[in-house]
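Visitor: Basically my numbering = 1-based index in the sequence shown + 7.
Every residue gets a Cβ at the ideal spot worked out from N, C-alpha and C, and that includes glycine.
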Amino acid sequence: MKQDRELEIRRQFLDEAQEYLDTLDATILGLANHPVDATQANAALRAAHSIKGGAGMMGFQVLSELAHRLEDSWKVLKIDKSISLTPRLENLLLAAVSCLRQVVEFDRDSMQRHQASCVDANWLAVEAYPVFDALHSELGDPQEENAASVLSPEDGQDIVPLLFETEVEGCLQRLESVLAAPDQPCLREEVAILAQELGGLGEMLQLTNFIQLCQSVFHQIEQGETVETAQSALKAWRVAQTFAIAGQYDQIPTSISGAERVDFAAPEIEVVEPSDWFTEALAADSFDDAAYPDFQPIPAPARSRSAAQATTPAQPQVTDFKVLEAEPEPVTVAEDQDATVRVPVRQLNQLNDLFGELTVDRNGLDLYLKRLRSLARTLHERVQTLDQANAKLRLAYDRVSLAGVRTLGENRRPEFDALELDRYGDLHLLSQQVMETIVQLQEVSEDIDLSLDDTEQSSRNLNKTAKQMQSGLSQLRMRPISDILDRFPRALREWSLQYGKPVRFDMAGGSTLIDRNILETLNDPLMHLLRNAFDHGIEAPSVRESKNKSPEGVIEIRAFNEGNRTIITVRDDGEGIPIHKIRDRAEQMGLDPVLLDAARDEELLSLIFEPGFSTSSQVTALSGRGVGMDVVRNNLKQIRGEISVNTKAGLGTTFTLSVPFTLSTVKVLLVESAGMLLAFPTDVVSELVLLQPDQIIQAPGSELLNWQNRMVQLVRLQKWMRFNCPKIPHGFETPPTIATPSVLMLDQNPQWFGVYIDRCWGEQEATIRKVEGNLPLPSGFSGCTILGDGRVVPLVNAPELLRWITSCERSETEPELDLNFRAQLKASLSQRPELPGSLVPTVLVVDDSINVRRFLALTLERSGYRVEQAKDGQDAIERLESGLAVQAVICDIEMPRLDGYGFLAKMRSDTQFAQLPVMMLTSRSGEKHRKLAENLGASAYFSKPYNEQVLLKTLEKMVNSIAVV
Numbered sequence: 008m009k010q011d012r013e014l015e016i017r018r019q020f021l022d023e024a025q026e027y028l029d030t031l032d033a034t035i036l037g038l039a040n041h042p043v044d045a046t047q048a049n050a051a052l053r054a055a056h057s058i059k060g061g062a063g064m065m066g067f068q069v070l071s072e073l074a075h076r077l078e079d080s081w082k083v084l085k086i087d088k089s090i091s092l093t094p095r096l097e098n099l100l101l102a103a104v105s106c107l108r109q110v111v112e113f114d115r116d117s118m119q120r121h122q123a124s125c126v127d128a129n130w131l132a133v134e135a136y137p138v139f140d141a142l143h144s145e146l147g148d149p150q151e152e153n154a155a156s157v158l159s160p161e162d163g164q165d166i167v168p169l170l171f172e173t174e175v176e177g178c179l180q181r182l183e184s185v186l187a188a189p190d191q192p193c194l195r196e197e198v199a200i201l202a203q204e205l206g207g208l209g210e211m212l213q214l215t216n217f218i219q220l221c222q223s224v225f226h227q228i229e230q231g232e233t234v235e236t237a238q239s240a241l242k243a244w245r246v247a248q249t250f251a252i253a254g255q256y257d258q259i260p261t262s263i264s265g266a267e268r269v270d271f272a273a274p275e276i277e278v279v280e281p282s283d284w285f286t287e288a289l290a291a292d293s294f295d296d297a298a299y300p301d302f303q304p305i306p307a308p309a310r311s312r313s314a315a316q317a318t319t320p321a322q323p324q325v326t327d328f329k330v331l332e333a334e335p336e337p338v339t340v341a342e343d344q345d346a347t348v349r350v351p352v353r354q355l356n357q358l359n360d361l362f363g364e365l366t367v368d369r370n371g372l373d374l375y376l377k378r379l380r381s382l383a384r385t386l387h388e389r390v391q392t393l394d395q396a397n398a399k400l401r402l403a404y405d406r407v408s409l410a411g412v413r414t415l416g417e418n419r420r421p422e423f424d425a426l427e428l429d430r431y432g433d434l435h436l437l438s439q440q441v442m443e444t445i446v447q448l449q450e451v452s453e454d455i456d457l458s459l460d461d462t463e464q465s466s467r468n469l470n471k472t473a474k475q476m477q478s479g480l481s482q483l484r485m486r487p488i489s490d491i492l493d494r495f496p497r498a499l500r501e502w503s504l505q506y507g508k509p510v511r512f513d514m515a516g517g518s519t520l521i522d523r524n525i526l527e528t529l530n531d532p533l534m535h536l537l538r539n540a541f542d543h544g545i546e547a548p549s550v551r552e553s554k555n556k557s558p559e560g561v562i563e564i565r566a567f568n569e570g571n572r573t574i575i576t577v578r579d580d581g582e583g584i585p586i587h588k589i590r591d592r593a594e595q596m597g598l599d600p601v602l603l604d605a606a607r608d609e610e611l612l613s614l615i616f617e618p619g620f621s622t623s624s625q626v627t628a629l630s631g632r633g634v635g636m637d638v639v640r641n642n643l644k645q646i647r648g649e650i651s652v653n654t655k656a657g658l659g660t661t662f663t664l665s666v667p668f669t670l671s672t673v674k675v676l677l678v679e680s681a682g683m684l685l686a687f688p689t690d691v692v693s694e695l696v697l698l699q700p701d702q703i704i705q706a707p708g709s710e711l712l713n714w715q716n717r718m719v720q721l722v723r724l725q726k727w728m729r730f731n732c733p734k735i736p737h738g739f740e741t742p743p744t745i746a747t748p749s750v751l752m753l754d755q756n757p758q759w760f761g762v763y764i765d766r767c768w769g770e771q772e773a774t775i776r777k778v779e780g781n782l783p784l785p786s787g788f789s790g791c792t793i794l795g796d797g798r799v800v801p802l803v804n805a806p807e808l809l810r811w812i813t814s815c816e817r818s819e820t821e822p823e824l825d826l827n828f829r830a831q832l833k834a835s836l837s838q839r840p841e842l843p844g845s846l847v848p849t850v851l852v853v854d855d856s857i858n859v860r861r862f863l864a865l866t867l868e869r870s871g872y873r874v875e876q877a878k879d880g881q882d883a884i885e886r887l888e889s890g891l892a893v894q895a896v897i898c899d900i901e902m903p904r905l906d907g908y909g910f911l912a913k914m915r916s917d918t919q920f921a922q923l924p925v926m927m928l929t930s931r932s933g934e935k936h937r938k939l940a941e942n943l944g945a946s947a948y949f950s951k952p953y954n955e956q957v958l959l960k961t962l963e964k965m966v967n968s969i970a971v972v
């Protein structure tokens with residue numbers, strides 16, 4: 008268990024190292040065009056130092072060594088202002104970062120193979136070391152006397168208090184978190200490493216007392232008494248930290264025992280909550296965002312173009328104490344200090360899945376409450392009816408009493424007449440009991456109403472809390488799009504140098520937040536669009552100058568939120584996409600020239616997203632022939648995204664990507680069309696219009712809808728969704744919100760469509776689920792959603808569905824199966840005997856296991872059969888003899904009361920059922936069992952597990968071979 012945790016921490020550090028490398032890339036890019044900025048240099052130093060220290064601690068020695076050499080180079084760059092920042096130096100620094108990235112991948116691969124860190128020695132000698140040697144030749148070594156000044160602020164502030172407030176504080180918090188853990192993992196190793204780290208810091212700062220203190224801690228931890236020594240070391244380091252922040256370096260204790268004699272006038276220093284991710288992970292199996300704390304932690308990189316700028320963390324709270332010399336300046340404490348925690352993505356995905364289940368259960372709870380409310384109203388009506396009957400009963404009894412009905416019983420008193428004394432008999436007692444029961448029922452009904460009111464209020468509170476939880480969870484999963492966009496400037500720089508095309512990269516909206524899963528999926532499509540824009544869009548400098556353009560091209564990526572979707576545009580100012588080349592290429596691929604001539608530019612441009620389509624005449628190493636735009640659209644389809652393109656000859660091209668805000672839940676409009684329930688995402692529906700007959704205009708080959716003085720194509724889904732098996736009508740307990748024919752207005756820029764629907768149940772929040780299986784979903788569907796009652800409803804991908812319908816209309820393609828299959832199906836159906844009342848075939852499933860019966864029933868019902876069930880052979884015989892009409896029987900062998908062989912024997916001995924097909928489905932696969940079943944007259948024999956398709960085909964032949972029994 009401990010090894011698993013340490014392995015996870017090492018893997019987490021490699022992910023952290025990638026972020027630091029992104030910071031280094033962002034700092035180095037453009038370095039040759041401006042002098043080294045102190046803030047950027049500090050950020051680069053901290054990033055390199057964090058990689059060096061963390062890698063050394065995790066056992067990645069090569070990574071630590073190379074990061075150390077890169078750190079030395081940055082030290083020289085910061086100190087020596089006379090160094091010329093040439094493009095060669097910038098290239099060397101970028102190459103060094105690339106080498107570190109490759110080493111990270113080597114280490115990651117070693118971990119996946121459960122091996123020690125192993126970096127290819129040949130690669131190091133040929134690729135990596137020459138780069139760092141060249142950097143050393145250019146910059147040399149940093150001078151020892153300037154070591155402490157490397158991280159000094161530009162205003163000359165003393166670096167020692169700053170480092171003790173930040174870096175030393177982080178180290179001590181790390182030790183505190185290990186001590187606070189119940190099992191105190193790796194405590195001895197942690198204290199030893201910490202003593203070495205802080206001792207190295209003391210050497211750099213030339214603090215003799217502090218060096219001796221660290222050496223004292225190291226020697227004592229090696230001798231034993233781990234917990235006591237660690238606690239004493241923590242106290243000693245806290246004392247040393249306090250003196251260092253105050254500038255009293257001579258007062259720093261030189262040993263643990265010396266620290267114990269220090270007496271402060273004020274209370275002890277307040278322990279700050281630990282935040283270091285390494286020790287928190289060892290202590291509690293969780294992770295946070297802090298880096299290896301040898302230097303001031305830098306913020307999470309890749310958030311914007313200026314992400315390399317570092318921030319100073321809040322200073323620790325320090326108590327006042329008495330000293331012999333000047334009183335130190337008070338230390339301010341940041342009141343608002345945000346604590347961050349790194350959480351593995353898989354845990355976020357698990358939370359997201361659990362919230363999806365919560366949404367389904369919440370919808371189910373709402374449905375059940377509506378059902379319960381309906382039952383409560385029915386109960387209330389029944390109680391009112393009883394109350395009316397109660398009133399009539401009272402009147403009837405009073406009339407009978409006044410008519411002189413003599414009462415029974417021993418308590419009759421003849422001396423009193425009927426007006427002087429009431430007399431009670433059995434009838435009175437019975438009626439009184441009935442009336443009291445009715446009153447009690449009224450009280451129970453009212454109590455149920457009150458309890459239901461409270462439950463509904465709790466449900467509303469739950470819905471409110473769930474929405475707040477969804478909002479918070481969505482924010483947890485969000486990352487700025489700059490996480491991937493910040494990688495593009497370096498790629499463009501390398502391409503510009505390689506191909507001689509100067510290109511400027513502009514980014515807007517880098518802070519736009521996107522779901523992490525969507526962001527990961529967007530990486531490849533955006534990189535592909537960037538390559539195409541550079542290779543096929545931006546012209547050579549000489550060509551641009553001949554067109555009166557700047558020799559430097561421009562590629563711009565913008566991101567912004569629009570409603571509940573995120574829009575991303577990729578624009579270049581190149582030559583645009585030649586429409587005539589698209590038309591020519593389409594003709595070469597066999598498309599109808601007449602249709603191509605009639606097609607609009609938008610329709611022609613959409614052809615570039617088809618597989619294998621390209622207008623490029625030559626292959627390039629950068630983007631090939633343009634093959635891959637279909638992959639872009641397919642990747643976006645996985646996240647319910649869309650892509651469109653707009654181009655202007657000589658001015659450039661703009662690709663527009665639209666992706667949902669989140670993938671977990673979606674608001675849908677639940678409708679019925681063509682007898683099928685469908686869920687339309689509300690973000691694609693512009694308006695719902697009640698259909699008036701006079702709005703429909705018949706046109707050749709299509710129907711048009713006159714809506715707001717424009718002609719909109721009307722789409723009837725029953726024309727395109729045809730089922731070749733019987734459909735079971737669905738039933739909703741709640742009435743539809745709109746029960747009359749209506750039209751969903753969909754804006755598919757630049758064209759509008761109207762989708763005809765029969766009924767609508769309004770909006771509801773739904774959880775999206777993928778449909779997994781060997782067969783892909785039909786065109787126009789991207790998944791499904793689960794209603795509160797467990798019903799599965801397909802989720803419509805409206806743009807794809809309309810694109811498919813339009814394509815079928817233009818090519819005059821039947822939206823059905825291929826002709827040969829349809830002919831075979833028609834012939835097969837024609838051979839099936841007519842069933843009375845158009846009933847579907849009925850199959851009797853006989854098995855003593857209820858789960859087997861249910862599973863088999865679901866399979867048969869999906870294939871269009873009606874299923875009856877019997878729990879054993881005797882039950883099946885009784886049901887058949889009572890008049891159950893079936894066309895086939897599927898029977899198990901081993902069952903109580905009457906087994907499958909006995910059932911089969913009785914069937915064949917009875918002339919009424921002698922010709923009824925009986926299929927044996929059993930776990931017995933032996934030849935002996937099979938022969939016995941065949942001798943008794945079994946029509947077919949299958950052993951579990953069975954091939955579903957073969958069983959269904961066999962069953963179809965059996966049903967088609969007889970008439971109804």
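1. In three-state terms, what does DSSP make of Leu-905?
2. Under 8 Å between the Cβ atoms of Ile-793 and Val-367?
3. Would you say Leu-201 touches the ligand NAD, meaning its beta carbon is less than 7 Å from a heavy atom?
4. Who are the near neighbours of Ala-912 in its chain, counting only those whose CB is closer than 6 Å to its CB and skipping five residues on each side?
5. How close, in whole Å, do the beta carbons of Leu-101 and Arg-511 come, if the pair is a contact with beta carbons under 8 Å?
6. Out of Arg-931, Gln-876, Pro-785, Met-914, point me to the one whose CA is closest to Glu-901's CA.
7. If we count the other Cβ atoms within 10 Å of its Cβ and call it buried at 16 or more, is Gln-227 buried or exposed?
8. Ile-884 and Val-852: beta carbons closer than 8 Å?
9. Check the C-beta distance from Val-561 over to Asp-580 and give it rounded, since I have them as a contact under 8 Å.
10. Counting only runs of 3+ residues fully inside the region 903-957, write out the beta strand (DSSP E) ranges in chain order.
11. Answer with buried or exposed for Leu-685, where buried requires no fewer than 16 other C-beta atoms within 10 angstroms of its C-beta.
12. On the criterion of 16 or more Cβ atoms from any shown chain inside 10 Å, does Gln-248 qualify as buried, or is it exposed?
13. Residue range of the alpha helix (DSSP H) that Phe-139 falls in?
14. Whole angstroms are fine: how far does the CA of Tyr-136 sit from the CA of Ala-54?
15. Rounding to the nearest angstrom, what Cα-Cα distance links Gln-1 and Leu-99 in this structure?
16. Return the residue from the list Ser-814, Arg-578, Leu-611 that minimises the CA-CA distance to Ala-593.
17. Taking all protein chains shown into account, do 16 or more other C-beta atoms lie within 10 angstroms of the C-beta of Met-476, making it buried, or fewer, making it exposed?
18. Do three or more CB pairs link the region 765-772 to the region 711-722 at distances below 8 Å?
19. Closest by CA to Cys-221, which one among Gly-206, Glu-364, Leu-483?
20. For the alpha helix (DSSP H) that Glu-2 lies in, which residues bound it at each end?
21. Contact between the region 602-621 and the region 645-659: three or more CB pairs below 8 Å?
22. Which residues in the same chain have their Cβ closer than 7 Å to the Cβ of Glu-569, if we skip the five residues on either side of it in sequence?
23. Report the rounded CA-to-CA distance for Glu-450 versus Ala-746, giving the unit in angstroms.
24. What residues in its chain sit with their C-beta under 7 Å from that of Arg-915, if we drop five residues either side in the sequence?
25. Can you tell me the Cβ-Cβ gap for Ala-877 and Arg-886, rounded? I've got them flagged as a contact below 8 Å.
26. Starting from Asn-555, follow its DSSP beta bridges and name the residues at the other end.
27. Check each candidate in Gln-119, Leu-724, Asn-359, Ser-80 and name the one with the smallest Cα separation from Ile-812.
28. With 16 as the cutoff for other CB atoms within 10 Å, does Glu-172 come out buried or exposed?
29. Of the residues Leu-358, His-543, Trp-244, which one's Cα is nearest the Cα of Ala-656?
30. Closer than 7 Å by C-beta to Gly-371: which residues in its own chain qualify, once you throw out the five before and the five after it? Chain order, please.
31. Using DSSP with H/G/I as helix, E/B as strand and the rest coil, what is Trp-4?
32. Can you tell me where the beta strand (DSSP E) with Asp-513 in it begins and where it stops?
33. Given this structure, state the Cα-to-Cα distance separating Trp-244 from Ala-187, to the nearest angstrom.
Guide: Reading from the atomic positions:
1. The residue labelled residue 905 in the question sits at position 898 within the sequence shown. Secondary structure at Leu-905: coil, using DSSP grouped into helix, strand and coil.
2. Translated into the one-based positions of the sequence shown, residue 793 becomes position 786. Translated into the one-based positions of the sequence shown, residue 367 becomes position 360. It is a contact, given that the beta carbons lie within the stated cut-off.
3. Of the ligands one can find in the structure shown there are none, so the ligand NAD has no counterpart to examine.
4. In the sequence shown, the residue the question calls residue 912 occupies position 905. Cβ within range, chain order: Leu-943.
5. As a first step, residue 101 is located in the sequence shown; it is residue number 94 there, counting from the start. As a first step, residue 511 is located in the sequence shown; it is residue number 504 there, counting from the start. Contact flag wrong, Cβ pair sits at about 18 Å.
6. What you label residue 901 is simply residue 894 of the sequence shown in a count that begins at 1. For Glu-901, the nearest C-alpha among the options comes from Arg-931.
7. For the purposes of this step, residue 227 is taken as residue 220 along the sequence shown, with counting starting at 1. With a 10 Å radius around the Cβ and a threshold of 16 neighbouring Cβ atoms, Gln-227 comes out buried.
8. In the sequence shown, the residue the question calls residue 884 occupies position 877. In the sequence shown, the residue the question calls residue 852 occupies position 845. Not in contact: Ile-884 and Val-852 (Cβ atoms no closer than 8 Å).
9. To locate residue 561, count along the sequence shown from 1; it is residue 554. To locate residue 580, count along the sequence shown from 1; it is residue 573. Val-561 to Asp-580, Cβ: 5 Å. Contact.
10. 925-929, 947-950
11. Numbered from 1 along the sequence shown, position 678 holds the residue referred to as residue 685. Answer is buried; the Cβ neighbour count reaches 16.
12. Taking the sequence shown and counting its residues from 1, one reaches residue 248 at position 241. Gln-248 is buried by the Cβ-count criterion.
13. Position 132 of the sequence shown, counted from the first residue, corresponds to residue 139. Unbroken alpha helix (DSSP H) run through Phe-139: 136-146.
14. Reading the sequence shown from its first residue, position 47 is the one you call residue 54. Reading the sequence shown from its first residue, position 129 is the one you call residue 136. Spanning the two alpha carbons is a distance of roughly 20 Å.
15. Residue coverage of the chain in this structure runs from 8 to 972, which leaves residue 1 outside it and unanswerable.
16. Here residue 593 is taken as the residue at index 586 of the sequence shown, counted from 1. Distance check between Ala-593 and each of Ser-814, Arg-578, Leu-611 places Leu-611 closest, using alpha-carbon atoms only.
17. In the sequence shown, counting from the first residue as 1, residue 476 sits at position 469. Per the 10 Å Cβ criterion, exposed.
18. no
19. To locate residue 221, count along the sequence shown from 1; it is residue 214. Taking only the C-alpha atoms, the option nearest Cys-221 is Gly-206.
20. Examination of residue 2 is not possible in this model, given that the chain is present from 8 through 972 alone.
21. yes
22. The count along the sequence shown starts at 1 and reaches residue 569 at position 562. Nothing listed; no residue qualifies.
23. Position 443 of the sequence shown, counting from 1, holds the residue named residue 450. Position 739 of the sequence shown, counting from 1, holds the residue named residue 746. Those two C-alpha atoms are separated by around 37 Å.
24. Start at 1 with the first residue of the sequence shown, and residue 915 comes out as number 908. Counting only Cβ-Cβ distances below 7 Å, and skipping sequence neighbours, we find Ala-921, Leu-943, Gly-944.
25. As a position in the sequence shown, residue 877 is number 870, starting the count at 1. As a position in the sequence shown, residue 886 is number 879, starting the count at 1. Correct: roughly 6 Å between the Cβ atoms.
26. What you label residue 555 is simply residue 548 of the sequence shown in a count that begins at 1. DSSP, once it has assigned bridges, lists no residue as partnering Asn-555.
27. Taking the first residue of the sequence shown as 1, we reach residue 812 at position 805. Here the closest residue by C-alpha is Leu-724.
28. Here residue 172 corresponds to residue number 165 of the sequence shown, with the count starting at 1. Under a 10 Å Cβ-count criterion, Glu-172 is classified as buried, with 16 or more other Cβ atoms of the shown protein chains found around its own Cβ.
29. Stepping through the sequence shown from its first residue, residue 656 is reached at position 649. With distances taken between Cα atoms, Ala-656 lies closest to His-543.
30. On the sequence shown, residue 371 is found 364 positions in, with the first residue counted as 1. Closer than 7 Å at Cβ, skipping near neighbours: Gly-795, Asp-796.
31. Nothing can be reported for residue 4, as the shown portion of the chain is limited to 8 through 972.
32. Residue mapping note: residue 513 aligns to position 506 of the sequence shown, counting from 1. Run containing Asp-513: 510-515, per the beta strand (DSSP E) assignment.
33. Residue 244 sits at position 237 when you count from the first residue of the sequence shown. Residue 187 sits at position 180 when you count from the first residue of the sequence shown. C-alpha separation (whole angstroms): 17 Å.
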